[in-house]
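**Q** First residue of the sequence shown: 0, per numbering that gives the first Met the number 0; consecutive thereafter. Built from N, CA and C at the ideal position, the CB exists for glycine as well. Only a predicted model underlies this, so the values are computations on that prediction, with no experimental measurement involved. The structure under discussion is supplied below as structure tokens; questions concerning it will follow.
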Amino acid sequence: MHADETKTDAALVRRLIAGQFPGWADLPVVPVDSDGTVNALYRLGQELTVRLPRTEGGARDVETEHRWVPRLAPRLPFPVPEPVALGAPAEGYPWPWSVCRWLDGENPSAGQGGPLLAADLAALLAALRRTGLTDDAPPAYRSEPLASRDAATREALGRLDGDIDTGLATAAWQEALRAPAAEGPGVWVHGDLQPGNVLVSGDRLGAVLDFGCTGVADPAVDLIAGWYLLSADGRRVFRTRTAADDAAWARGRGWALSIALMELAYYRTRNAWMASTARHVIAEILADAAGAVSDR
């Protein structure tokens with residue numbers, strides 16, 4: 000998936016566990032069929048998951064999760080995969096790695112969530128904002144102003160010329176850049192509320208995964224869930240429940256568009272599931288943009 004990715008397999012995981020956590024050495028190790036882009040996943044027994052970062056960049060998330068997820072978990076209304084052990088580089092594997100609690104559930108399809116999931120996601124965001132952990136909090140992975148992504152977003156648009164309607168996408172991006180900037184201090188955000196990072200049980204949110212992007216940022220960053228996870232009906236409920244004003248909603252749409260454009264440009268030949276998700280997000284936003292143009 001990545002040019003600089005380190006290869007892993009179940010045999011490596013068994014050696015790492017035996018060498019560092021021998022109490023788990025007799026547990027079976029089974030690869031998890033996952034389209035995740037940051038970690039390779041292995042089931043360890045029935046209750047644990049081994050997460051091996053695929054690249055050096057992903058390895059930087061390990062410290063963030065081990066420090067903050069245990070502090071966030073009791074403050075959130077949904078389960079999260081709490082880390083139970085921190086592994087060290089060994090056996091030729093070059094980076095720190097994690098053992099976390101296994102959580103049951105399924106990743107949703109992009110844009111399929113309705114009003115119930117929308118209400119659950121809004122409750123999650125409200126709980127994140129109430130954590131009271133902002134005094135020593137790190138900036139989130141996506142804590143920069145939206146405008147600072149302009150060059151990278153336009154580069155992605157150039158790479159997608161002929162693949163999507165780049166004229167309409169450029170107009171939608173420029174519209175997002177005109178949105179007023181956030182006022183006041185940042186709040187705690189998850190930072191990456193996409194289908195691969197949540198589990199659902201029926202129509203409801205079952206668990207929230209992957210806190211490598213977490214930290215303090217503009218709350219509009221987490222509004223990307225509206226386009227990545229929810230249908231049009233779900234989005235309307237989500238906006239109402241989050242009380243997002245016009246400026247925040249426009250920034251959230253801009254964040255979703257920018258992220259999806261970069262993901263499609265990168266993953267369209269590397270990860271079919273990620274590319275399909277990005278295409279869905281882009282299509283939803285461009286449909287909104289086309290509708291706005293026709294209404295004028």
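In the structure shown, what three-state DSSP assignment does Pro82 receive?
**A** The sequence position of residue 82 within the sequence shown is 83, counting from 1. Correct three-state label for Pro82: strand.
**Q** Within 10 angstroms of the Cβ of Leu260, are there 16 or more other Cβ atoms? Answer buried if so, exposed if not.
**A** Your numbering for residue 260 matches position 261 in the sequence shown. Looking at its Cβ environment, which holds 16 or more other Cβ atoms inside 10 Å, Leu260 is buried.
**Q** Can you tell me where the alpha helix (DSSP H) with Tyr265 in it begins and where it stops?
**A** Here residue 265 corresponds to residue number 266 of the sequence shown, with the count starting at 1. Note, Tyr265: alpha helix (DSSP H), 245 to 266.
**Q** Roughly how many angstroms lie between the CA atoms of Glu262 and Arg235, to the nearest whole one?
**A** Numbered from its first residue, the sequence shown carries residue 262 at position 263. Numbered from its first residue, the sequence shown carries residue 235 at position 236. Straight-line Cα distance between these residues: approximately 25 Å.
**Q** Measure from the alpha carbon of Ala122 to the alpha carbon of each residue in Thr241, Ala224, Arg14, then state which is nearest.
**A** For the purposes of this step, residue 122 is taken as residue 123 along the sequence shown, with counting starting at 1. Of Thr241, Ala224, Arg14, the residue nearest in Cα terms is Thr241.
**Q** Which residues in the same chain have their Cβ closer than 7 Å to the Cβ of Trp248, if we skip the five residues on either side of it in sequence?
**A** As a working note, residue 248 is residue 249 in the sequence shown. Leu222, Arg238, listed in sequence order.
**Q** Check whether the Cβ atoms of Ser97 and Gly104 lie closer than 8 Å to each other.
**A** Position 98 of the sequence shown, counted from the first residue, corresponds to residue 97. Position 105 of the sequence shown, counted from the first residue, corresponds to residue 104. The answer is no: Cβ separation not under 8 Å.
**Q** Could you check what DSSP says for Ala288 in three-state terms: helix, strand or coil?
**A** Numbered from 1 along the sequence shown, position 289 holds the residue referred to as residue 288. Here Ala288 sits in helix by DSSP.
**Q** Which residues bound the beta strand (DSSP E) around Ala118?
**A** On the sequence shown, position 119 is the one that residue 118 refers to. Careful: Ala118 lies outside any beta strand (DSSP E), inside the alpha helix (DSSP H) at 114 to 128.
**Q** Report the rounded CA-to-CA distance for Leu229 versus Trp172, giving the unit in angstroms.
**A** Position 230 of the sequence shown, counted from the start, is the residue given in the question as residue 229. Position 173 of the sequence shown, counted from the start, is the residue given in the question as residue 172. Whole-angstrom Cα-Cα distance: 20 Å.
**Q** Determine the direct distance from the alpha carbon of Gly195 to that of Met0, and round the result to whole angstroms.
**A** Numbered from 1 along the sequence shown, position 1 holds the residue referred to as residue 0. Numbered from 1 along the sequence shown, position 196 holds the residue referred to as residue 195. Roughly 16 Å separates the two Cα atoms.
**Q** Our contact map puts Pro93 next to Thr213 with C-beta atoms below 8 Å; I'd like the distance itself, whole angstroms only.
**A** One-based indexing of the sequence shown puts residue 93 at position 94. One-based indexing of the sequence shown puts residue 213 at position 214. No, Pro93 and Thr213 are not in contact; Cβ-Cβ is about 24 Å, not under 8 Å.
**Q** Quick check: what's the CA-CA separation for Ala151 versus Val29?
**A** As a first step, residue 151 is located in the sequence shown; it is residue number 152 there, counting from the start. As a first step, residue 29 is located in the sequence shown; it is residue number 30 there, counting from the start. Roughly 38 Å between the two C-alpha positions.
**Q** Considering just the uninterrupted stretch of the beta strand (DSSP E) at Ala206, what are its terminal residues?
**A** Along the sequence shown, one-based indexing puts residue 206 at 207. Taken as a continuous stretch (DSSP letters only), the beta strand (DSSP E) holding Ala206 covers 203 to 207.
**Q** Tell me whether Asp232, by its Cβ, gets closer than 7 Å to a heavy atom of the ligand NAP.
**A** Within the structure as shown, the ligand NAP is missing, as the structure has no ligands at all.
**Q** Below 6 Å CB to CB, which residues in the same chain sit around His279 once its five sequence neighbours on both sides are set aside?
**A** Position 280 of the sequence shown holds residue 279. Result list for His279: Ala109, Gly110, in chain order.
**Q** At the level of alpha carbons, what is the spacing between Pro298 and Gly253?
**A** Residue 298 falls outside the range modelled here, since the chain spans only 0 to 295, and no answer is possible.
**Q** Can you check which of these residues, Tyr265, Pro218, Trp272, Pro82, is closest to Glu46 by C-alpha distance?
**A** Looking up residue 46 in the sequence shown gives position 47. Comparing Cα-Cα distances from Glu46 to each of Tyr265, Pro218, Trp272, Pro82, the minimum goes to Pro82.
**Q** For a quick check, are the C-beta atoms of Ala9 and Tyr41 less than 8 Å apart?
**A** As a working note, residue 9 is residue 10 in the sequence shown. As a working note, residue 41 is residue 42 in the sequence shown. The answer is yes: Cβ separation under 8 Å.
**Q** Would you list the one or two residues that DSSP bridges to Thr241?
**A** Within the sequence shown, the letter at position 242 stands for residue 241. Beta-bridge pairing links Thr241 to no other residue.
**Q** Please state if the CB of Pro27 and the CB of Gly44 are separated by a distance shorter than 8 Å.
**A** Against the sequence shown, residue 44 aligns to sequence position 45. Against the sequence shown, residue 27 aligns to sequence position 28. Yes. Within cutoff.
**Q** So, helix, strand or coil for Asn270, using DSSP?
**A** Position 271 of the sequence shown, counted from the first residue, corresponds to residue 270. Correct three-state label for Asn270: coil.
**Q** Look at the Cβ atom of Leu208, then the Cβ atom of Pro80, and state whether they are nearer than 8 Å.
**A** Here residue 208 is taken as the residue at index 209 of the sequence shown, counted from 1. Here residue 80 is taken as the residue at index 81 of the sequence shown, counted from 1. Taking 8 Å as the Cβ cut-off, Leu208 and Pro80 qualify as a contacting pair.
**Q** Runs of 4 residues minimum, wholly inside the segment 120 to 198: which ones carry the alpha helix (DSSP H) assignment?
**A** The segment 120 to 198 contains these whole alpha helix (DSSP H) runs: 149 to 158, 165 to 176.
**Q** Can you list, in chain order, the residues of its chain whose CB lies under 6 Å from that of Val188, leaving out five sequence neighbours each side?
**A** For the purposes of this step, residue 188 is identified with residue 189 of the sequence shown, where counting begins at 1. For Val188, where only same-chain residues beyond five positions count, the Cβ hits under 6 Å are Ala139, Ala216, Val220, Asp221.
**Q** Could you tell me the distance, in whole angstroms, from the CA atom of Ala17 to the CA atom of Gly166?
**A** Along the sequence shown, one-based indexing puts residue 17 at 18. Along the sequence shown, one-based indexing puts residue 166 at 167. Approximately 55 Å, taken between the alpha carbons.
**Q** Would you identify the three-state DSSP class for Arg53, choosing helix, strand or coil?
**A** As a first step, residue 53 must be located in the sequence shown, where it is residue number 54. Three-state result, Arg53: coil.
**Q** Quick check on the DSSP output: the beta strand (DSSP E) that includes Gly214 runs from which residue to which?
**A** As a working note, residue 214 is residue 215 in the sequence shown. That run of the beta strand (DSSP E) goes 214 to 216.
**Q** Please state the DSSP three-state secondary structure of Val28.
**A** Position 29 of the sequence shown, counted from the first residue, corresponds to residue 28. It is a strand residue.
**Q** Inspect the beta-carbon positions of Ser142 and Gly185 and report whether they are closer than 8 Å.
**A** For this step, residue 142 is matched to residue 143 along the sequence shown. For this step, residue 185 is matched to residue 186 along the sequence shown. Yes.
**Q** Have a look at Arg250 and Trp23 and give me their C-alpha separation to the nearest angstrom.
**A** On the sequence shown, position 251 is the one that residue 250 refers to. On the sequence shown, position 24 is the one that residue 23 refers to. Their Cα atoms are separated by approximately 46 Å.
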